[in-house]
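Here the structure comes first, spelled out in structure tokens, and everything after it is commentary.
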Amino acid sequence: MTKKLFIKTFGCQMNVYDSARMVDIMRALGFEETTDPADADMIIFNTCHIREKASEKIFSELGRFKPLKEERRKQGRDLILVVAGCVVQAESEEFMNRAKFVDIALGPQTYHRLPEMLRRLEQKRKQRIIDVEFPAVAKFDSLPQARSNGVSSFLAIQEGCDRFCSYCVVPYTRGAEYSRSLKEIVAEARQLAATGTKDLMLLGQNVNAWHGEGLNAEPCDLSRLVKAVAEIDGIERIRYVTSYPSDFTDDMIAMHRDIPKVMPYLHLPIQSGSDRILKKMNRRYTCAEYEEIVAKLRTACPDIALSSDFIVGFPEETDEDFEQTMELVRRVTFAQSYSFKYSARPGTPAAAMKNQVPEEIKTERLERLQALLIEQHAAYNALFLGKETKVLLEDKAKKDGYLLGHTPQMQNVVVKAPENMLGQIVRVRIAKTAATTLDGELL
Ligand code: 5AD
Ligand code: SF4
């Protein structure tokens with residue numbers, strides 16, 4: 000009998016990738032994914048530690064499964080609760096103390112050992128397992144083959160980070176920068192293409208730090224890797240996140256210009272428009288350098304959509320610093336962005352900095368920044384009104400008879416189309432636009 004696995008993912012795309020790989024692992028053990036936790040034999044929470052709010056939410060959501068587990072026990076069955084991801088990596092002991100009903104806690108670098116942990120759990124009932132090592136043998140070597148779950152897939156090509164931005168937990172939770180080999184990545188991309196992937200998002204915390212060797216042992220950077228992936232039949236669209244500005248080279252710009260499968264979309268977080276704050280963040284570029292990259296990129300690829308992350312209320316950020324961020328946004332203009340209030344993370348240098356910004360000021364600044372960004376997103380999308388574009392139909396929309404997809408610039412589009420068109424790249428005309436979605440009509 001197949002068993003059921005319910006997996007809930009918090010946080011970034013890397014977590015979405017990790018969750019998909021845990022599903023691959025559990026499939027080999029006879030588990031099948033379910034969307035109903037009440038139906039599950041095993042529940043995995045894949046957690047995020049990037050901001051405090053994300054971590055706190057996990058405890059409250061997890062608590063809901065305690066009664067379910069107790070009820071199962073009374074019925075003589077079991078429900079295995081697993082917590083994975085960055086919260087566990089950062090605070091496994093505290094975590095297990097706060098959530099006593101959790102059976103297994105594992106970090107982002109040990110989930111390939113899940114089958115072994117389950118065996119141990121079965122042998123010694125009641126004993127709980129914590130595994131948050133950074134094993135010497137790369138987890139990627141021991142994962143089963145990846146399988147597409149739809150037309151769009153993530154592929155982790157690089158993990159961890161050596162940049163140590165002063166606010167960020169990633170170098171501690173995901174560890175040192177590690178690049179997978181070109182051979183391994185191309186093999187996984189082929190596997191995904193063979194099982195239905197057309198749209199591939201290459202993932203890395205600092206994705207353009209990716210480096211490796213080509214088939215003749217020549218040194219390769221991300222632009223060479225992307226070229227190799229673009230040669231795979233079936234892969235139609237390629238994107239990559241997240242890029243670090245000072246690692247963004249002219250070769251990457253040329254790649255956008257020269258490889259048609261590379262989509263005209265770039266997520267290039269600047270974080271702040273104040274050089275003084277960037278320095279305190281340990282971001283190793285200035286606003287002028289960032290704007291120079293953007294100018295070169297826009298000359299090479301005029302249709303590129305630019306996206307960014309911003310943090311407001313970093314320690315010592317003054318009104319003046321914040322105004323500089325607003326001005327930078329007005330100068331650069333973004334097609335879409337993500338913005339956050341600074342959140343002090345235990346163990347990071349910024350958490351110990353003096354002059355933390357009061358919550359009310361952070362809220363006020365975030366509201367102002369987001370209003371400006373939303374205005375820019377709406378204005379960017381409005382440029383497409385009445386225009387023709389290509390949409391990859393990826394999913395069913397909430398509304399009956401409609402499908403969801405993305406333009407090359409990564410805008411969300413809702414299209415009236417029959418379900419049998421899922422997975423196709425279709426031509427549409429944009430009939431209506433808003434800040435977050437476009438309405439498209441099939442041509
Ligand atoms: N507080 C607020 N935002 C953060 N980010 C990372 N760490 C923090 C933090 N401590 C944001 C950055 C990053 C994005 C993934 O999350 O903008 O680019
Ligand atoms: Fe964190 Fe990104 Fe900075 Fe690395 S480059 S420390 S992942 S914000």
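Throughout the sequence shown, residue numbering follows numbering that gives the first Met the number 0, covering 0 to 442 in sequence.
C-beta: ideal position from N, C-alpha, C; glycine also.
Keep in mind it's a predicted model, so treat the numbers as computed, not measured.
### Query
Which residues mark the beginning and the end of the alpha helix (DSSP H) in which Asp-17 is found?
12–26
### Task
Name the one or two DSSP bridge partners that Met-41 has.
Leu-4, Ile-79
### Message
Under 7 Å: does the beta carbon of Arg-50 sit that close to some heavy atom of the ligand 5AD?
### Response
yes
#### Entry: Spatially closest choice to Ile-42 from Arg-173, Glu-326, Lys-7, by CA coordinates
Lys-7
### Task
Kindly list the residues whose CB is nearer than 8 Å to the CB of Cys-286, restricted to its own chain and excluding five residues on each side of it in sequence; keep chain order.
Counting only residues of its own chain and dropping the five nearest sequence neighbours on each side, Cys-286 has a CB closer than 8 Å to the CB of Ile-269, Gly-272, Ser-273, Asp-274, Leu-277, Gln-323, Leu-327.
### Task
Using only the heavy atoms of the ligand 5AD, determine whether one of them is closer than 7 Å to the beta carbon of Pro-348.
no
### Message
Can you find the residues in the same chain that come closer than 6 Å, C-beta to C-beta, to Ala-434, ignoring five residues on each side of it along the sequence?
### Response
Ile-373, His-376, Ala-377
### Query
Is it true that the CB of Glu-393 sits closer than 8 Å to the CB of Leu-403?
Contact: yes.
### Query
Cα separation between Asn-419 and Glu-121?
44 Å
### Task
Put Gln-204 into one of helix, strand or coil per three-state DSSP.
coil
### Task
Counting only the same chain and skipping the five closest in sequence on each side, list residues whose C-beta sits under 7 Å from that of Lys-260.
Ala-229, Ile-234, Glu-235, Arg-236, Ile-237
#### Entry: Identified DSSP bridge partners for Thr-46
Bridge pairing for Thr-46: Gly-84 [DSSP].
### Task
Could you tell me whether the Cβ atoms of Gly-464 and Val-150 are closer together than 8 Å?
In this structure the chain extends from 0 to 442, so residue 464 is not present and cannot be described.
### Message
Within a Cβ cutoff of 6 Å, which residues of the same chain sit near His-111, ignoring the five residues on either side of it in sequence?
### Response
Leaving aside the five residues that flank His-111 on each side, the residues in its chain whose CB is nearer than 6 Å to its CB run, in chain order, Lys-138, Ser-141, Leu-142.
### Task
List the endpoints of the continuous beta strand (DSSP E) containing Pro-311.
Note on identity: in this sequence residue 311 is Val, with Pro being the wrong assignment. Residues 304–311.
#### Entry: Residues that DSSP places opposite Val-414 in a beta bridge
In DSSP, Val-414 forms a bridge with Leu-402, Gly-439.
#### Entry: Own chain residues within Cβ distance below 7 Å of Ile-129, not counting five before or after
Ser-91, Met-95, Ala-104
### Query
If you draw a straight line from the C-alpha of Tyr-337 to the C-alpha of Thr-298, how long is it?
25 Å
### Message
Bridge partners for His-210 per DSSP, in chain order?
### Response
Asp-220
#### Entry: Validate contact between the stretch 69–88 and the stretch 156–164 using beta carbons, cut 8 Å, 3 pairs
no
### Task
Specify whether the stretch 203–216 and the stretch 165–184 touch according to this definition: at least 3 beta carbon pairs, one from each stretch, less than 8 Å apart.
Touching, yes, given that three or more Cβ pairs across the two stretches are closer than 8 Å.
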